[in-house]
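There are 2 protein chains.
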Amino acid sequence: MNSVNLKRLAQELNLSIATVSRALQDSYEVSAHTKERVKALAAELNYEPNAYASSLRRNISKTIGVVIPEVNNHFFSLAINGIEEVARQSGYHVLIYLTHEDYDREVAITQYLTGGRVDGILMSVASETQEFGHLLKLQATKPAIVFFDRVCDSIATAQVTTNDFESGFQATEHLIQAGCRHIAHLLVSGNLSIGRMRMQGYQAALQQYGLPFDEALVLDGNGNDEQNTALITALLTARPEVDGIFASVERLAISSYHACNGLGRAIPEQVKIISFSNLGVAALLDPALTTITQPAYEIGREAAKILLRAIEKKKPILPTQSLVLKSELFERRSTAK
Amino acid sequence: MNSVNLKRLAQELNLSIATVSRALQDSYEVSAHTKERVKALAAELNYEPNAYASSLRRNISKTIGVVIPEVNNHFFSLAINGIEEVARQSGYHVLIYLTHEDYDREVAITQYLTGGRVDGILMSVASETQEFGHLLKLQATKPAIVFFDRVCDSIATAQVTTNDFESGFQATEHLIQAGCRHIAHLLVSGNLSIGRMRMQGYQAALQQYGLPFDEALVLDGNGNDEQNTALITALLTARPEVDGIFASVERLAISSYHACNGLGRAIPEQVKIISFSNLGVAALLDPALTTITQPAYEIGREAAKILLRAIEKKKPILPTQSLVLKSELFERRSTAK
DNA sequence: TTTATCTACGCAAACGTTTGCAGTCAATTG
DNA sequence: CAATTGACTGCAAACGTTTGCGTAGATAAA
């Protein structure tokens with residue numbers, strides 16, 4: 345154990361603990377001379393304040409929690425980058441919790457977080473989550489919450505999202521203009537607002553171009569890639585007329601590639617694919633994948649900024665602080681005519 | 345602020361704080377009846393112990409810190425998955441710190457961590473790091489440390505690594521057997537042991553097959569993808585005879601693809617590429633990338649297990665607990681004859 | 001009965017920090 | 001000279017939890 349604490353410094357300098365504490369905080373109540381002495385010794389002994397004592401006393405932890413479904417996903421890892429960047433600049437620490445899309449884990453995690461461990465929370469809801477009681481409970485306690493991407497509308501707070509309806513529309517329209525007439529929609533979060541928005545965009549585009557909406561062409565995936573590939577294979581087999589796939593999540597696009605390869609369906613000649621994705625190597629795939637790319641890094645940054653600003657000003661976060669960023673469509677060979 | 349604390353519970357139940365605390369810990373000193381009453385009220389009021397008070401008193405934080413260069417990298421994100429998995433099972437929380445391969449950030453982070461914020465640390469050293477004074481300082485304070493992948497040999501503790509020398513040899517041999525005679529080696533951590541091991545494997549293979557070692561064919565990359573692509577392009581232009589690339593890091597393989605595409609060099613006909621990588625879509629690239637794949641998830645799990653075991657038993661971690669896992673070579677079209 | 005043992009609970013200190021308040025000493029003012 | 005001010009510093013409480021020790025009452029043993 346590290347026993348370099350204020351008491352130790354105070355003893356060695358023949359000062360009181362209070363003065364040492366104030367000196368290290370550059371309080372105006374301490375003479376320049378004393379400050380120097382204190383700081384010199386602190387540096388020499390490599391003093392680092394005990395975070396827990398400080399947090400306990402000040403009721404501030406300088407820590408934020410990030411609750412996300414998974415980290416092995418380009419969207420979330422880029423978002424974490426943005427979050428960590430902002431947090432570090434403001435001297436905040438980042439606790440990471442993964443739900444693995446599992447509702448029970450999400451509940452357990454939010455329960456932990458009511459313990460005052462964090463000053464604020466950035467969260468992207470698990471796809472399985474359908475009830476929000478745990479989030480309401482969480483909000484009832486101290487920490488401020490900002491949702492990003494997978495938001496929860498039942499909680500009155502700020503959200504950072506992208507223009508999902510438009511993007512869903514745009515993606516579908518892109519496939520239609522490339523000649524697709526039987527477009528499947530693969531998603532993973534049908535019960536979350538983000539999933540609904542994209543789905544509505546998909547439906548709106550179909551309607552605008554006079555194509556029927558066929559519920560059987562909507563596939564609900566999960567976190568298991570093998571299962572997803574099997575589901576997609578089954579769909580393509582059952583409905584051989586499918587000539588376009590709009591994937592709402594990166595992993596479903598990958599599974600679609602595998603399914604098409606397995607069935608010998610040529611991309612883009614027989615099936616065109618477009619997907620929400622932050623895959624850096626999308627352009628190097630065979631064929632290069634057309635993507636709707638969300639500004640993941642910026643989303644992380646902006647969400648963290650809103651959160652930290654609220655924490656520092658001790659003001660509640662208002663829904664009016666919500667932000668909607670724009671995704672971008674990158675046309676590549678997987679949707680070529 | 346959440347004011348449901350032991351005091352509150354004690355008052356409502358007409359018990360002392362001590363008894364309430366003990367009841368919640370299932371202490372044998374409390375009657376079954378009282379335990380029930382306490383737990384019932386705790387559940388009703390959604391009591392969650394204050395983590396900071398508890399940590400301060402017990403000098404245990406139930407938190408580990410993970411210090412890695414970046415998260416937007418399949419190796420590290422898979423490793424985090426493994427770490428988080430093990431930590432969660434044991435009731436530990438995970439603080440994430442990113443160095444962005446920057447030495448100064450690494451120093452600042454290790455300084456934070458001397459403050460007793462964490463019980464243990466899992467670390468993969470930044471490629472820039474050449475001095476280890478900050479790590480020695482860190483080790484002098486409480487927290488246990490386990491290194492994984494990018495290890496530091498100067499610190500006496502356990503490491504979880506892969507068979508890097510063998511893999512470097514194997515990768516190079518694979519290229520030679522595929523017909524390459526002028527093999528470039530791209531790396532990012534030449535001054536770290538991991539980089540040296542792979543490099544030695546590379547050199548050993550060259551020697552065994554009677555090929556000369558040409559220092560000009562060794563390229564030291566960094567964290568900037570555009571710069572790396574430019575460097576590789578320059579190398580391929582200056583040395584048009586290069587017919588094989590052995591990349592020590594995923595991002596350098598990606599940059600190699602871009603460089604080759606830019607120069608119109610055909611993969612694998614003119615240049616064959618093999619890389620250390622955990623890229624899930626390696627098989628879907630154009631052409632599919634031959635990889636040496638490290639068991640990233642297991643590395644994370646094993647490192648976390650060693651760390652947590654040591655923390656729980658309060659025993660120091662010995663270098664003899666180090667683990668070497670095996671990487672696997674996946675042959676794909678990027679190295680086809 | 002006395003003594004010992006056991007059960008169930010409370011008192012109070014301790015963890016290391018922050019901070020309101022009070023105090024000391026010297027310098028300044030009336 | 002007394003009174004006031006201001007610059008520094010110290011005392012001690014507080015944050016919420018854990019835990020060594022003490023104790024009251026009950027039961028068992030002597």
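The listed protein sequences correspond, in order, to chains W and C. When we follow this note's numbering, the leftmost residue of the first sequence carries the number 345, and every step to the right adds one. When we follow this note's numbering, the leftmost residue of the second sequence carries the number 345, and every step to the right adds one. A virtual CB, placed ideally from N, CA and C, is assigned to each residue, including glycine. Since we're looking at a predicted model, the values are computed, not measured.
Per DSSP, cross-strand counterpart(s) of residue i
i, result
"C/D564", "C/L531"
"W/I618", "W/F590 and W/T634"
"C/Q503", "C/F491"
"W/T407", "W/H437"
"W/I424", "W/I424 is not bridged to any residue."
"W/L667", "W/V504"
"C/L673", "C/I636"
"W/M467", "W/V411 and W/F491"
"W/L442", "W/I412"
"C/L629", "W/L629"
Short Cβ contact (9 angstroms threshold) for residue i with residue j
i, j, result
"W/Q455", "W/H478", "yes"
"W/L580", "W/V615", "yes"
"C/L673", "C/T635", "yes"
"C/I661", "C/A387", "no"
"C/V495", "C/L457", "no"
"C/T573", "C/S599", "yes"
"W/V504", "W/L652", "no"
"W/Q483", "W/I499", "yes"
"W/L506", "W/D497", "Per the sequence shown, the amino acid found at residue 506 of chain W is Thr instead of Leu. Not in contact: W/T506 and W/D497 (Cβ atoms no closer than 9 angstroms)."
"W/S471", "W/E445", "yes"
"C/G534", "C/D558", "no"
"C/A632", "C/R677", "yes"
"W/G567", "W/P413", "yes"
"W/H529", "W/E675", "no"
"C/V469", "C/L389", "no"
"W/Y641", "W/A423", "yes"
"W/V625", "C/L368", "no"
"W/G545", "W/T516", "yes"
"C/N417", "C/R595", "yes"
Nearest-angstrom Cα separation, counted from residue j out to residue i
i, j, result
"C/A354", "C/S360", "5 angstroms"
"C/G426", "C/I618", "26 angstroms"
"W/Q433", "C/T443", "13 angstroms"
"C/G554", "C/A680", "22 angstroms"
"W/A397", "W/S347", "14 angstroms"
"C/D508", "C/R540", "9 angstroms"
"W/V593", "W/S621", "6 angstroms"
"C/A384", "C/R449", "47 angstroms"
"W/A502", "W/Q665", "5 angstroms"
"W/M345", "W/D370", "Legend: pLDDT at W/M345 = 47, less than 50; position of this residue unreliable, value from coordinates given subsequently. Cα-Cα distance, rounded: 27 angstroms."
"C/V340", "C/I527", "Nothing about residue 340 of chain C can be read from this structure; chain C reaches only from 345 to 681."
"C/S421", "C/G464", "19 angstroms"
"C/N349", "C/E392", "8 angstroms"
"C/A376", "W/Y441", "35 angstroms"
"C/S610", "C/E585", "Here residue 610 of chain C is Ala; the residue named in the question, Ser, does not match the sequence. Approximately 13 angstroms between the Cα atoms of the pair."
"W/S365", "W/G459", "27 angstroms"
"C/R352", "C/N358", "10 angstroms"
"W/K657", "W/T407", "15 angstroms"
"C/R645", "C/L466", "11 angstroms"
"C/E356", "C/N394", "19 angstroms"
"W/P639", "W/F419", "8 angstroms"
"W/C604", "W/L623", "19 angstroms"
"W/R461", "C/G608", "54 angstroms"
Inset, instruction - Below 7 angstroms between beta carbons is the criterion; list the residues of the stretch 448 to 459 of chain C that meet it against any residue of chain W, in chain order. - result: Listed by position along the chain: Q455, T458 and G459.
Legend entry - chain C contacts made by the stretch 420 to 446 of chain W, where a contact means CB separation under 7 angstroms: With the criterion set as a beta carbon lying under 7 angstroms from some beta carbon of chain C, the members of the stretch 420 to 446 of chain W are S421, L422, I424, N425, E428, H437, V438, L439, I440 and L442, in sequence order.
Inset, instruction - Pull out every residue of the stretch 651 to 671 of chain C whose Cβ sits closer than 7 angstroms to any Cβ of chain W, in chain order. - result: For chain W, none of the residues of the stretch 651 to 671 of chain C brings a beta carbon within less than 7 angstroms of one of its beta carbons.
Inset, instruction - With 8 angstroms as the limit, tell me which residues of the stretch 616 to 629 of chain C have their beta carbon closer than that to any beta carbon of chain W; keep them in chain order. - result: Here the close residues are L623, G624, V625, L628 and L629.
Inset, instruction - Pull out every residue of the stretch 587 to 604 of chain C whose Cβ sits closer than 7 angstroms to any Cβ of chain W, in chain order. - result: Listed by position along the chain: I598 and Y601.
Inset, instruction - Report the residues of the stretch 389 to 404 of chain C with a CB closer than 7 angstroms to any CB of chain W, ordered along the chain. - result: Look at the stretch 389 to 404 of chain C: the residues with a C-beta under 7 angstroms from a C-beta of chain W are N390, E392, P393, N394, A395, Y396, A397, S399, L400 and N403.
Legend entry - Cβ-based contacts, 7 angstroms cut-off: residues of the stretch 459 to 476 of chain W near chain C: Residues G459, G460 and R461.
Legend entry - chain C contacts from the stretch 481 to 502 of chain W (Cβ-Cβ distance under 7 angstroms): Within the stretch 481 to 502 of chain W, the qualifying residues are K481, T485 and K486.
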